[in-house]
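Enquirer: Submitted below is the structure of interest, expressed as structure tokens.
Numbering (this note's numbering), first residue to last: 1292 to 1477.
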């Protein structure tokens, strides 16, 4: 169960997630949002899909390449000062808040958002299934230094970026600039 705060509070921003790693890489992911009656699922090399009310739709991330028009997806319950500052620094005009990381990545996978960031890090069980879905839909997942996530027993501590099909380098440059300016302000 992911998005436990939403679940406890009676909200709809939680999901059930199942992921499979092979050779420390996510190859299969299922995210089910029960209150929306929506399944997101993917297998590496076979594509990503959404099933709602019996209709199965292929998922594909947006091709948006203008950061100022990006739609951010941010945490509903963990939106900290640094997160608000980064969203403002990016000058994105539009953002949406969700609870579950699985739902956040699924929003990017079906072109409902373009970028998610988490500077604190997450656990492997938070990321495996959503990463498999997002990457199968053409998206990207990496740490804030631009490196692939390395799955192991430890928590991901170098932050996480989930992104549409393009803009990895411009996003990383914005992160570096932000980190410098944020440290100077602190």
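Backbone N, C-alpha and C fix where the C-beta goes; we use that ideal spot for every residue, glycine too.
How is the beta strand (DSSP E) around residue 1334 delimited, first residue to last?
Expert: Here the question's residue 1334 lines up with position 43 in the chain shown. Here the beta strand (DSSP E) through residue 1334 covers 1329-1334.
Enquirer: Skipping 5 residues on each side, what residues in its chain have a beta carbon closer than 6 Å to that of residue 1408?
Expert: As a first step, residue 1408 must be located in the chain shown, where it is residue number 117. Take residue 1408, set aside five residues on each side of it, and the residues of its chain with a beta-carbon closer than 6 Å to its own are 1452, in chain order.
Enquirer: Buried or exposed, going by whether 16 or more other CB atoms sit within 10 Å of the CB of residue 1321?
Expert: For this step, residue 1321 is matched to residue 30 along the chain shown. Residue 1321 comes out buried.
Enquirer: Which residue comes first and which comes last in the alpha helix (DSSP H) that contains residue 1445?
Expert: Along the chain shown, read from residue 1 onward, the residue named residue 1445 stands at position 154. It is not in any alpha helix (DSSP H) - residue 1445 carries neither H nor E in the DSSP assignment.
Enquirer: If contact is defined by three or more beta carbon pairs under 8 Å, each pair taking one atom from either stretch, is the stretch 1410-1420 in contact with the stretch 1338-1352?
Expert: Between the stretch 1338-1352 and the stretch 1410-1420, the count of Cβ pairs shorter than 8 Å is below three; the stretches do not touch.
Enquirer: Can you tell which of 1465, 1305, 1300, 1309 has its C-alpha closest to the C-alpha of residue 1389?
Expert: Here residue 1389 refers to the residue found at position 98 of the chain shown. Among 1465, 1305, 1300, 1309, the Cα nearest to that of residue 1389 is on 1305.
Enquirer: Can you tell me which of the three DSSP states residue 1311 falls into?
Expert: Taking the first residue of the chain shown as position 1, residue 1311 is located at position 20. Three-state DSSP puts residue 1311 in a strand.
Enquirer: Give the straight-line distance between the Cα atoms of residue 1379 and residue 1450, rounded to the nearest whole angstrom.
Expert: Position 88 of the chain shown holds residue 1379. Position 159 of the chain shown holds residue 1450. Rounded to whole angstroms, residue 1379 to residue 1450 spans 18 Å at the Cα level.
Enquirer: Does DSSP put residue 1460 in a helix, a strand or coil?
Expert: Along the chain shown, read from residue 1 onward, the residue named residue 1460 stands at position 169. Helix, per DSSP.
Enquirer: Whole angstroms is fine: what's the gap from residue 1437's alpha carbon to residue 1430's?
Expert: Here residue 1437 is taken as the residue at index 146 of the chain shown, counted from 1. Here residue 1430 is taken as the residue at index 139 of the chain shown, counted from 1. Answer to the nearest angstrom: the Cα atoms are 14 Å apart.
Enquirer: Below 7 Å CB to CB, which residues in the same chain sit around residue 1448 once its five sequence neighbours on both sides are set aside?
Expert: Taking the chain shown and counting its residues from 1, one reaches residue 1448 at position 157. Only 1412 meet the Cβ criterion.
Enquirer: Relative to the C-alpha of residue 1354, which residue among 1381, 1405, 1432, 1465 is closest?
Expert: Mapped onto the chain shown, residue 1354 falls at position 63. Looking at the Cα atoms, 1405 is the closest of the given residues.
Enquirer: Nearest by alpha-carbon distance to residue 1469: which of 1365, 1421, 1376 is it?
Expert: Start at 1 with the first residue of the chain shown, and residue 1469 comes out as number 178. Ranking the options by Cα distance to residue 1469, first place goes to 1376.
Enquirer: Can the beta-carbon of residue 1434 be found less than 8 Å from the beta-carbon of residue 1425?
Expert: Reading the chain shown from its first residue, position 143 is the one you call residue 1434. Reading the chain shown from its first residue, position 134 is the one you call residue 1425. At a Cβ-Cβ threshold of 8 Å, residue 1434 and residue 1425 do not count as neighbours.
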